[in-house]
Amino acid sequence: MTPENLILTALALPLAASIGCLIFAKQPNLRDGLTLLVSIALLGTVIAILQQFQSGQVIEASWWNFNPGIAIAFKIEPLGLIFALVASSLWIATHVYGVGYMRGNNEKKHARFFACFAFAIFATMGIAFSANLLTLFLFYELLTISTYPLVAHKETPEAKAGGRTYLGILMSTSIVFLLTAIVWTYVITGTMDFTPGGILTDKTEAGFLAILLALFAFGIGKAALMPFHRWLPAAMVAPTPVSALLHAVAVVKAGVFSMLKIGVYIFGIDNLANTGASQWLMWLAAFSILAASLIAMQQDNLKRRLAYSTVSQLSYITLGVALASSMGAIGGGLHIVTHAFGKITLFMCAGAIYVATHKTEISQMRGLGRAMPFTFIAFGVGALSIIGLPPLGGSWSKWLLMVGAADAGQQVMIGVLMLSSALNVAYLLPIFARGFFDGSIKSDADSKSFRENLKEAPILCVLPPCITAAGCLVLFFYAGKIEEFLAPIVLGGS
Numbered sequence: 028m029t030p031e032n033l034i035l036t037a038l039a040l041p042l043a044a045s046i047g048c049l050i051f052a053k054q055p056n057l058r059d060g061l062t063l064l065v066s067i068a069l070l071g072t073v074i075a076i077l078q079q080f081q082s083g084q085v086i087e088a089s090w091w092n093f094n095p096g097i098a099i100a101f102k103i104e105p106l107g108l109i110f111a112l113v114a115s116s117l118w119i120a121t122h123v124y125g126v127g128y129m130r131g132n133n134e135k136k137h138a139r140f141f142a143c144f145a146f147a148i149f150a151t152m153g154i155a156f157s158a159n160l161l162t163l164f165l166f167y168e169l170l171t172i173s174t175y176p177l178v179a180h181k182e183t184p185e186a187k188a189g190g191r192t193y194l195g196i197l198m199s200t201s202i203v204f205l206l207t208a209i210v211w212t213y214v215i216t217g218t219m220d221f222t223p224g225g226i227l228t229d230k231t232e233a234g235f236l237a238i239l240l241a242l243f244a245f246g247i248g249k250a251a252l253m254p255f256h257r258w259l260p261a262a263m264v265a266p267t268p269v270s271a272l273l274h275a276v277a278v279v280k281a282g283v284f285s286m287l288k289i290g291v292y293i294f295g296i297d298n299l300a301n302t303g304a305s306q307w308l309m310w311l312a313a314f315s316i317l318a319a320s321l322i323a324m325q326q327d328n329l330k331r332r333l334a335y336s337t338v339s340q341l342s343y344i345t346l347g348v349a350l351a352s353s354m355g356a357i358g359g360g361l362h363i364v365t366h367a368f369g370k371i372t373l374f375m376c377a378g379a380i381y382v383a384t385h386k387t388e389i390s391q392m393r394g395l396g397r398a399m400p401f402t403f404i405a406f407g408v409g410a411l412s413i414i415g416l417p418p419l420g421g422s423w424s425k426w427l428l429m430v431g432a433a434d435a436g437q438q439v440m441i442g443v444l445m446l447s448s449a450l451n452v453a454y455l456l457p458i459f460a461r462g463f464f465d466g467s468i469k470s471d472a473d474s475k476s477f478r479e480n481l482k483e484a485p486i487l488c489v490l491p492p493c494i495t496a497a498g499c500l501v502l503f504f505y506a507g508k509i510e511e512f513l514a515p516i517v518l519g520g521s
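Residue numbers (our numbering): 28 to 521.
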């Protein structure tokens, strides 16, 4: 298969799965089985693209060329390929988990759910392989639109309100800020192409560069940078597989990926360092890291606590861009991978707890780990990776970010990252400890009977988080390979 056809295949597979879910709406086993096969085929296609890319081939494709510098086009580069590998591999886990969750929790309208889920993966592949700002913007909007029905899936007043907040913030920020930034960039440079080293060097003054960066930063609402973060906690009304999609596979990762890609290929790391245009963003990212962590500590609802944790963790990647150092950018790229595996584990465990017990509040989970050991052990592993403790993958991405801060001469940011890790401990580990070591469950007969009869959620809800938890461990040993693979994105950077 030609390189161009590989890109088109990677886009066509999830789109075909989306259509297939609607065609086989009344044949659930066939529908879900075919979608699983397509998700595996997508991962195989992305791996084939990786192999050709590593052999030195230039892999690109173009659909329409409207004017010079304006086209819908795709091109493979290291950062996008890493993102595509993460999304395609975790789609398999989330699909299997989604089948178990939707059936185990007796959710309705499965065909629409899985069709929108697959379409979101299609949009994610388009974002990952985008060769320019126009292509990225188009698929960015498609991702927002396709995930709205997932957020509002339960169709309750609360779900509809959460969906309106989700759609309202993400669409308004992208149209008002992001689109303005893209048009401004084209007017300044005459191109929208992602180019190594950036396209804005010596094109405008530092003050205007900082304003343009602000338009991009706030326009990419999916990065959940404060104060445009409210959509993320609001979206927790969605079924847990959607939360996993939002936080690990597609939506927020598409946001921070876009932030990192624009920082590297539009602004340029050297340009940001020389002009100081990203200094303000560094401090805002630091504030978001700490403020969101403090808010997370106050949440009793498990999914809301994890949502604010995500707001904090996403700002790590924004910080990696704002540091304007090569190691900071690479650390941000690695954190996309390590956070995806850690956070999807936590959300899938939260969903497994809900399916098995219908409990959503942390205060209700005393002693549950003794009856759901696989779920809670997987949760503990994911939590330790998010905290950044070895031998788990999250330790390396946080370390590289601290090295990037040191390279940039930003010792305060090292302190922010260390304090954030301490706050991670404070709001994540008590959940695990409560499950295994809190013996304060009431000893009345009903409570005792409940504990004795309680079992793990269905296997399809338990196996995926156990696999992704194991992935957190594997990433510790392969983080160096990912770092080497990402190194060319900042070739010549500071």
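Cβ atoms here follow ideal geometry from the backbone N, Cα and C, with glycine treated the same way.
Taking a cut-off of 8 Å for Cβ pairs, the stretch 218 to 232 and the stretch 288 to 302 touch, as three or more such pairs fall below it. The criterion of a C-beta distance shorter than 8 Å is not satisfied by V203 and Y193. One thing to note: G369 has its Cβ no nearer than 8 Å to the Cβ of I404. DSSP places E134 in no beta strand (DSSP E); its state is neither H nor E. Bounds of the beta strand (DSSP E) holding S89 are 87 to 94.
If only uninterrupted alpha helix (DSSP H) runs of at least 4 residues are considered, those enclosed by the stretch 165 to 227 are 184 to 200, 206 to 216. In this structure, DSSP gives E510 a helical state, which the three-state scheme calls helix. For W118, same chain residues with a beta-carbon under 8 Å away, outside a window of 5 residues either side, are P41, S66, L69, L70, I148, V276 in chain order. The DSSP-derived three-state label of E232 is coil. Distance from the Cα of L287 is smallest, within the candidate group L500, A52, S305, for S305. DSSP places I316 in the uninterrupted alpha helix (DSSP H) bounded by 306 to 324.
By the neighbour-count criterion, in which a residue is buried when 16 or more other Cβ atoms sit within 10 angstroms of its Cβ, M392 is buried. As a beta-bridge residue in DSSP terms, F101 pairs with A88, S157.
Bounds of the alpha helix (DSSP H) holding M286 are 278 to 289. Excluding sequence positions up to five before and after D434, its CB lies within less than 6 Å of the CB of S352, M354, all in the same chain and listed in chain order. Nearest neighbour of M445 by Cα position, chosen from Y343, Q84, L77, Y381, turns out to be Y343. Straight-line measurement puts the Cα of G442 at about 23 Å from the Cα of A244. Only residues of its own chain outside the window of five on either side were considered, and among them A250, A251, V279, V283 have a CB closer than 6 Å to the CB of L341, listed in chain order. With the rule of 3 Cβ pairs closer than 8 Å, the stretch 83 to 103 counts as touching the stretch 153 to 169. Taking 8 Å as the cut-off, the Cβ atoms of C493 and F374 do not count as close. Judged by DSSP in its simplified three-state form, E483 adopts coil rather than helix or strand. Under the 10 Å beta carbon count, N94 is surrounded by fewer than 16 other beta carbons and is classified as exposed.
Remark: C-beta atoms of L57 and L77 do not approach each other more closely than 8 Å. Within its own chain, the residues whose Cβ lies closer than 6 Å to the Cβ of A312, once the five positions on either side in sequence are excluded, are S342, T345, L346, A349, listed in chain order. Here the C-alpha atom of R130 lies approximately 19 Å from the C-alpha atom of A44. For E388, the pairing in a beta bridge is given by DSSP as N328.
Nearest in C-alpha terms to H122, of all of T62, I226, N92, P457, is T62. Contact between V382 and Y128 is confirmed by a C-beta separation of about 6 Å, below the 8 Å threshold. In this model, F463 and L450 are separated by some 21 Å (Cα to Cα).
A Cβ-Cβ separation of about 5 Å places T171 in contact with L197 under the 8 Å criterion. P266 and H180 have their C-alpha atoms roughly 7 Å apart.
Per DSSP, F464 is one residue of the alpha helix (DSSP H) stretching across 438 to 464.
Here the alpha carbon of M399 sits roughly 27 Å from the alpha carbon of D59. A residue is called buried once 16 or more other Cβ atoms fall within 10 Å of its Cβ, and M28, having fewer, is exposed. When secondary structure is reduced to three states using DSSP, I413 falls in the helix class.
When the beta-carbon positions are compared, K330 and T387 come within less than 8 Å of each other.
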